[in-house]
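Quick note on the working numbering: the sequence shown kicks off at 125 and runs consecutively.
A virtual CB, placed ideally from N, CA and C, is assigned to each residue, including glycine.
Fair warning: this is a prediction, and the values are worked out from it, not measured in the lab.
Input: a single structure, listed below in structure tokens.
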Amino acid sequence: MEQTLTGKTALVTAAGNGIGRASATELARRGADVIATDIDGDAVAAVANTSDRITAQRLDVLDAGAVETLIAASPRIDILVNCAGWVHDGTILDCGEDVWDRAFDLNAKSMYRITRAVLPAMLDNGQGSIVNIASIVSSEKGAPRRFAYGASKAAIIGMTKAIAADFVKQGIRCNAICPGTVQSPSLEERLTATGDFDKALAAFKDRQPMGRLGTPEEIAEMVCYLAGDMSAFTTGQAFAVDGGWSI
């Protein structure tokens, strides 16, 4: 039986493409009112055009003032889905302090910033579900040339568990999803940048035991489960949705 999210309001970051877009549209399909945000205003406006339950807001998650303004003007938020992220290709020797800072700013600090802004109202309401998109490449698994990415995604898992532990008695749940390699426009850009798209794509598929990439919609299914009441006894967990990569 598919759970309904009618009567709940969800805020989704990086909703213009990929996992964020799939999450926003699936949450809306299940009845939630969705505030879809993205730095790409045109992309998120296109998402809003798919459902009258989705409202588009351009948002740079690195802009603390913009985050505070959006949250202050938003209605009650029952569900927060943190999807914004960035992948750096390289080892520690390729990772200067500027790269390290960008990885943590976008992958971890943005989630800290938005969660900290949303949480007080959730506490006032006595309930809320926070879903953070981490990665199987994190504290769960190492991968070649993903130094800054893996470190920053590991931070998300630690943050998820800390928030869950701090507010478990106050109606707040916080969980993380750890996807394997998922089809997305950003992945296609990285594959193209290698200079041999087909070879790079084959390599990504080969490292997945199922022999294929995941889809954004498969991650969105887990987002909706964790967002809704069917997962009411679940908090502080990091769920691998990775095609068996972490086995």
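inquiry  = Looking at the secondary structure, which residues open and close the beta strand (DSSP E) in which residue 135 lies?
reply    = Indexing the sequence shown from 1 puts residue 135 at position 11. Element bounds for residue 135: 133-136.
query = Is residue 246 buried or exposed, if buried means 16 or more other CB atoms sit within 10 Å of its CB?
reply = Here residue 246 refers to the residue found at position 122 of the sequence shown. That one is buried.
ask   = Should residue 157 be labelled buried (16 or more other beta-carbon atoms within 10 Å of its own) or exposed?
value = Against the sequence shown, residue 157 aligns to sequence position 33. Residue 157 comes out buried.
query = Under a three-way DSSP split, which group does residue 363 fall into?
reply = As a first step, residue 363 is located in the sequence shown; it is residue number 239 there, counting from the start. Three-state result, residue 363: strand.
DSSP three-state assignment for residue 253, whether helix, strand or coil = Counting from one through the sequence shown, the residue named residue 253 turns up at place 129. The answer is strand: DSSP assigns residue 253 an E or B state.
key: CA-to-CA distance, residue 168 to residue 131, given in whole angstroms   = Along the sequence shown, read from residue 1 onward, the residue named residue 131 stands at position 7. Along the sequence shown, read from residue 1 onward, the residue named residue 168 stands at position 44. Taking the straight line joining both Cα atoms gives about 22 Å.
query = Is it the case that the Cβ atoms of residue 226 and residue 210 are separated by a distance below 8 Å?
reply = Your numbering for residue 226 matches position 102 in the sequence shown. Your numbering for residue 210 matches position 86 in the sequence shown. The answer is yes: Cβ separation under 8 Å.
request  = On the DSSP bridge assignment, give the partners of residue 160 in chain order.
outcome  = Here residue 160 refers to the residue found at position 36 of the sequence shown. 136 and 180, per the DSSP bridge assignment.
ask   = Are the beta-carbon atoms of residue 230 and residue 186 separated by less than 8 Å?
value = Reading the sequence shown from its first residue, position 106 is the one you call residue 230. Reading the sequence shown from its first residue, position 62 is the one you call residue 186. Taking 8 Å as the Cβ cut-off, residue 230 and residue 186 qualify as a contacting pair.
request  = Determine which residues share a DSSP beta bridge with residue 265 and list them.
outcome  = Residue mapping note: residue 265 aligns to position 141 of the sequence shown, counting from 1. In DSSP, residue 265 forms a bridge with 261.
message = Please give the ranges of any alpha helix (DSSP H) in the region 297-336, keeping only runs that are unbroken, at least 4 residues long and fully inside the region.
response = 309-317 and 321-330
key: Beta-carbon proximity list for residue 188, same chain, < 7 Å, skipping 5 on both sides   = Taking the first residue of the sequence shown as position 1, residue 188 is located at position 64. Around residue 188: 237.
request  = Could you check which residue in 325, 302 and 274 has the C-alpha nearest to that of residue 311?
outcome  = Numbered from its first residue, the sequence shown carries residue 311 at position 187. Nearest option by C-alpha distance: 325.
message = Taking 8 Å as the cut-off, does the region 351-360 touch the region 256-265 (at least 3 CB pairs, one atom from each stretch)?
response = no
query = Just how far apart, CA to CA, sit residue 244 and residue 286?
reply = For the purposes of this step, residue 244 is identified with residue 120 of the sequence shown, where counting begins at 1. For the purposes of this step, residue 286 is identified with residue 162 of the sequence shown, where counting begins at 1. Looking at the two C-alpha atoms, the distance is approximately 16 Å.
task = From the DSSP output, in three-state form, read off residue 144 for me.
result = The count along the sequence shown starts at 1 and reaches residue 144 at position 20. In this structure, residue 144 counts as helix in the three-state DSSP scheme.
ask   = Relative to the alpha-carbon of residue 305, which residue among 280, 253 and 365 has its alpha-carbon at the smallest distance?
value = Along the sequence shown, one-based indexing puts residue 305 at 181. For the residues 280, 253 and 365, the minimum Cα distance to residue 305 belongs to 365.
request  = Can you grab the Cα-Cα spacing for the pair residue 343 / residue 332, in whole Å?
outcome  = Counted from its first residue, the sequence shown places residue 343 at position 219. Counted from its first residue, the sequence shown places residue 332 at position 208. When rounded, the distance between both Cα atoms is 16 Å.
query = Among 295, 357, 145 and 279, which residue has its Cα nearest to the Cα of residue 248?
reply = On the sequence shown, position 124 is the one that residue 248 refers to. Residue 295 is the option with its Cα nearest to residue 248.
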